[in-house]
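S.K.: Numbering (this note's numbering), first residue to last: 82 to 849.
Where is the CB? At the ideal position from N, CA and C, for every residue including glycine.
Predicted, not measured: the structure shown is a model, and the values here were computed from it.
First the structure, then my questions, so here it is.
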């Protein structure tokens, strides 16, 4: 097989068959016969380097039902393969990398439930027989005599060898791959108890007995460990399924069919997969909008709560955008499809959330370091416990030593430690998506909890970004409409919100716009170009100075407009300033509420804008922001962020335009308004859908709660093991005469993982 690919495409490890990202391949690469191969770990690379021909035979294709479906491990997201299976590092069941709307039965959950319920009666019978020596007179032992251990053996075989087979198989696989994990400990513990009991049944060792009646066997320990671990896995798998509920709920919003309006006016129901860009679609009252598009005819109130978390419907009319998956109200309209399939907002949300859920948070690093040495340390402790109890323990010493060693192996649960961070991240990112907060990766979410300074861009962030042209003031012998026509013709090529206001005003007046040539946007200044043979420039005073012009003659009038909160732009034609345009931009809904909430959390709030100082201060006064940096260029915005960082500040920056992208990238966390440009969104760690400013406060709250939840999970996992392992080893015996049964240890081990997942799921019920 050929495994040489472009570095951006995933490839297969030729040794173990795992999917590897070449950019992050843990095992590095090796070149053979002109081909480059990538590896999931160094051992695979070394095996391949020693005998490459052994691993270059063609591999069979995956089963048809699994073709194309990528699965990954929640604890080790670098493990990706086609089709279901188990993680070669931790042994956990792999999950689909991208959840589907149809949450079908989990094959492993179905298998474990079948094994558990079919063998539970046998485990219970073995347990009852083993405990029967506590009955006064021991009638069961007297009645069955030497046949008792043989009966327990017969009942134990299906439990250990059939029901426990997945656990034993994963444990053996961990030994072969040298990735020791929880299944290593379970396998050694179960096998030790079972094999010891079989030996004592078939060929009893003299002097080792139980209560004076027959050999000392521990079939009940082996059986109950298997049953309780299976039960714990069942609980954990069910809980893990619920962490993807938010994403599945989003996927379920997408309708299966749409009503297409044909060229002859007929309306036909077609599957959503057949919709093409440019199709006209009828959306009737109460239906979900099928894809992203623009309303062509009609109007309606649209419930966009799945994007913004806000329950109030938004009125949408002709020419306005609508998003697939949102719910139409009482009106009916015809829309034109603009984005379909994987390009829709809903599909991009699901993809982004899926990637974020698999990312690694900084808090995970400590858990990773501990987990790397945890299982070997437990094996050493178990061995020491066996030796100590064998030498100084009560009779029967061998049996007592074995049971204490097994208890140590079983109670230790690296799974809880490994799940502590991923489960919190999965729940938090899914929950954020349902409230209009899209998180790019786990690091952005965790860092958001640690920021102490929030910097806001003004236009399009604190304000609506949908300004209206309110002032047209010629200063030379030029008509107002002609001044507006030239400015709007030039601004056709710009996507800045101020440009949209000028073009919209020209459209409302019915002005015919001309083509623009040599168009150039100067970030933070304005735009220039040639319109009908005239050199036209539109922008701020800095642009005028760059053109060799001055604004002194107009400074007084411009200052008066800015004091009222208007953004003033100068229009120059052929090297002469011919007029002023004033644009007013209303403050975003929820801005006052959001800023008050953030101030209440002790955050430092700063407005950072390229607008004029007077205009910026007028907006800041209305919002209660005391710190304003105005007239700042895009490079200056990034430098201001660096200045704050040099002061020891952790900075989050919220912005929406191309000119904000450098600052968003420089900040510890960039927050992009979803209504902004793609460049700003690509530069950000968090995106607020539809530009809802209240999402900033939600993102901060989500970050704080997620970090607290991760710390709770890690603390529980550490404390559990720090206390559980010594107790299982017999630390309480000298003072209290207490020993921990392997059965109790297995129950505690199962509950530890379930507790971590359950604690993460608590976040779903907390309001943002």
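(1) For a quick check, are the C-beta atoms of residue 409 and residue 342 less than 8 Å apart?
(2) Rounded to whole angstroms, what's the CA-CA distance from residue 280 to residue 796? Just pull it up for me.
(3) Among 639, 119, 653, which one has its Cα closest to the Cα of residue 647?
(4) What residue range does the beta strand (DSSP E) around residue 119 cover?
(5) Relative to the alpha-carbon of residue 265, which residue among 189, 173, 345, 320 has its alpha-carbon at the smallest distance?
(6) Residue 488 and residue 822 - do their beta-carbons sit closer together than 8 Å?
(7) With 16 as the cutoff for other CB atoms within 10 Å, does residue 629 come out buried or exposed?
(8) Among all the DSSP beta bridges, which residues are the ones paired with residue 409?
(9) Going by alpha carbons, who is nearest to residue 655 out of 423, 233, 399, 611?
(10) Taking one C-beta from the segment 776–784 and one from the segment 432–442 each time, how about it: are there three or more such pairs within less than 8 Å?
(11) Whole-angstrom Cβ separation of residue 497 and residue 837, contact assumed at under 8 Å?
(12) If we count Cβ pairs, one from each stretch, closer than 8 Å, do we get three or more for the segment 599–611 versus the segment 565–585?
(13) Measuring alpha carbon to alpha carbon, tell me which residue in 816, 351, 452 is nearest residue 338.
(14) Which residue's Cα is closest to the Cα of residue 581: 548, 380, 554?
(15) Ignore the nearest five residues each way along the sequence and tell me which others in residue 399's own chain have a CB closer than 6 Å to its CB.
(16) Would you give the residue range spanned by the alpha helix (DSSP H) that residue 462 belongs to?
(17) Under 8 Å by Cβ, that's how I've got residue 320 and residue 789 pegged, so tell me the actual separation to the nearest angstrom.
(18) With the cut-off set at 8 Å, would you say residue 769 and residue 535 are in Cβ contact?
(19) Got a sec? Which residues, its chain only, sit under 8 Å from residue 436 by beta carbon, not counting five neighbours each side?
(20) Pull up the distance between the alpha-carbon of residue 834 and that of residue 785, whole angstroms please.
(21) Does the count of Cβ pairs from the segment 659–669 and the segment 548–561 closer than 8 Å reach three?
(22) Counting only the same chain and skipping the five closest in sequence on each side, list residues whose C-beta sits under 7 Å from that of residue 115.
(23) Check whether the Cβ atoms of residue 421 and residue 358 lie closer than 8 Å to each other.
(24) Comparing alpha-carbon positions, which option in 461, 502, 111, 514 lies nearest residue 428?
(25) Give the DSSP bridge partners of residue 281, in chain order.
(26) Thinking just about the alpha-carbon of each residue, which of 519, 627, 616, 620 is nearest to the one in residue 750?
(27) Would you tell me roughly how many angstroms separate the C-alpha atoms of residue 283 and residue 274, rounded to the nearest one?
(28) With DSSP as the reference, identify every bridge partner of residue 767, one or two as the case may be.
(29) Bridge partners for residue 414 per DSSP, in chain order?
(30) Per DSSP, what are the beta-bridge partners of residue 152 in this structure?
(31) Beta-carbon separation of residue 716 and residue 743 under 8 Å?
(32) Taking the runs of the beta strand (DSSP E) that are 3 residues or longer, which of them lie wholly in the segment 776–819?
(33) Quickly, what does DSSP pair residue 688 with across the bridge? List them, please.
(34) What residue from 304, 712, 620, 728 has the CA that sits closest to residue 491's CA?
(35) Pull up the CB-CB distance for residue 307 and residue 240, whole angstroms please, since I reckon it's below 8 Å.
(36) When we look at the beta-carbon of residue 459 and count the other beta-carbons within 10 Å, is it buried (16 or more) or exposed?
M.R.: Taking the structure as given:
(1) In the chain shown, counting from the first residue as 1, residue 409 sits at position 328. In the chain shown, counting from the first residue as 1, residue 342 sits at position 261. Not closer than 8 Å, so no.
(2) For the purposes of this step, residue 280 is taken as the residue at position 199 of the chain shown. For the purposes of this step, residue 796 is taken as the residue at position 715 of the chain shown. Distance between the alpha carbons of residue 280 and residue 796 is about 41 Å.
(3) Translated into the one-based positions of the chain shown, residue 647 becomes position 566. When each option's Cα is compared against that of residue 647, the closest is 639.
(4) Translated into positions along the chain shown, residue 119 becomes position 38. Annotation for residue 119: the continuous beta strand (DSSP E) segment containing it runs 116–119.
(5) Locating residue 265 in the chain shown gives position 184, where the first residue counts as 1. Checked all of 189, 173, 345, 320; the closest Cα to residue 265 is 173.
(6) Your numbering for residue 822 matches position 741 in the chain shown. Your numbering for residue 488 matches position 407 in the chain shown. Residue 488 is positioned such that its CB atom lies closer than 8 Å to that of residue 822.
(7) Translated into the one-based positions of the chain shown, residue 629 becomes position 548. Counting the other CB atoms within 10 Å of its CB gives residue 629 a total below 16, which places it among the exposed residues.
(8) The residue given as residue 409 occupies position 328 in the chain shown. For residue 409, which the question treats as bridged, DSSP gives the partners 383.
(9) Numbered from 1 along the chain shown, position 574 holds the residue referred to as residue 655. The shortest C-alpha separation from residue 655 is found at 611.
(10) No, because fewer than three Cβ pairs between the segment 776–784 and the segment 432–442 fall closer than 8 Å, the two stretches do not touch.
(11) Your numbering for residue 497 matches position 416 in the chain shown. Your numbering for residue 837 matches position 756 in the chain shown. Sure, about 5 Å apart at Cβ, within 8 Å.
(12) With the cut-off at 8 Å, the segment 599–611 and the segment 565–585 touch.
(13) What you label residue 338 is simply residue 257 of the chain shown in a count that begins at 1. Out of 816, 351, 452, 351 has the C-alpha closest to the C-alpha of residue 338.
(14) As a working mapping, residue 581 is identified with position 500 in the chain shown. It is 548 whose Cα lies nearest to the Cα of residue 581.
(15) As a position in the chain shown, residue 399 is number 318, starting the count at 1. Closer than 6 Å at Cβ, skipping near neighbours: 376.
(16) The residue labelled residue 462 in the question sits at position 381 within the chain shown. That run of the alpha helix (DSSP H) goes 445–473.
(17) Here the question's residue 320 lines up with position 239 in the chain shown. Here the question's residue 789 lines up with position 708 in the chain shown. So it is not a contact: roughly 19 Å between Cβ atoms.
(18) Looking up residue 769 in the chain shown gives position 688. Looking up residue 535 in the chain shown gives position 454. In this structure, residue 535 does not lie closer than 8 Å to residue 769 by Cβ.
(19) The count along the chain shown starts at 1 and reaches residue 436 at position 355. Taken in chain order, the residues that qualify are 521, 522.
(20) What you label residue 834 is simply residue 753 of the chain shown in a count that begins at 1. What you label residue 785 is simply residue 704 of the chain shown in a count that begins at 1. So the two alpha carbons sit approximately 23 Å from each other.
(21) Yes: the two stretches touch, three or more of their Cβ pairs being nearer than 8 Å.
(22) Numbered from 1 along the chain shown, position 34 holds the residue referred to as residue 115. Non-local beta-carbon contacts of residue 115 in its own chain, meaning distances under 7 Å to residues more than five positions away in sequence, are absent.
(23) As a working mapping, residue 421 is identified with position 340 in the chain shown. As a working mapping, residue 358 is identified with position 277 in the chain shown. Yes; because the gap between Cβ atoms is below 8 Å, this pair is in contact.
(24) Numbered from its first residue, the chain shown carries residue 428 at position 347. Distances from the alpha-carbon of residue 428 to those of 461, 502, 111, 514 put 514 closest.
(25) By one-based count along the chain shown, residue 281 stands at place 200. Answer is none; residue 281 lacks a bridge partner.
(26) Taking the first residue of the chain shown as position 1, residue 750 is located at position 669. Checking every option, the nearest Cα to that of residue 750 belongs to 519.
(27) The sequence position of residue 283 within the chain shown is 202, counting from 1. The sequence position of residue 274 within the chain shown is 193, counting from 1. Distance between the alpha carbons of residue 283 and residue 274: 14 Å.
(28) Here the question's residue 767 lines up with position 686 in the chain shown. Its beta-bridge partners are 520, 752.
(29) On the chain shown, position 333 is the one that residue 414 refers to. In DSSP, residue 414 forms a bridge with 364, 379.
(30) Taking the first residue of the chain shown as position 1, residue 152 is located at position 71. Partner(s): 162, 177.
(31) Indexing the chain shown from 1 puts residue 716 at position 635. Indexing the chain shown from 1 puts residue 743 at position 662. Yes, they are a contact pair.
(32) Within the segment 776–819, no complete beta strand (DSSP E) run reaches 3 residues.
(33) Here residue 688 refers to the residue found at position 607 of the chain shown. DSSP output for residue 688 lists 537, 709 as bridge partner(s).
(34) Taking the first residue of the chain shown as 1, we reach residue 491 at position 410. Ranking 304, 712, 620, 728 by Cα distance to residue 491 puts 304 first.
(35) What you label residue 307 is simply residue 226 of the chain shown in a count that begins at 1. What you label residue 240 is simply residue 159 of the chain shown in a count that begins at 1. 6 Å between Cβ atoms; contact.
(36) For the purposes of this step, residue 459 is identified with residue 378 of the chain shown, where counting begins at 1. Burial call: buried.
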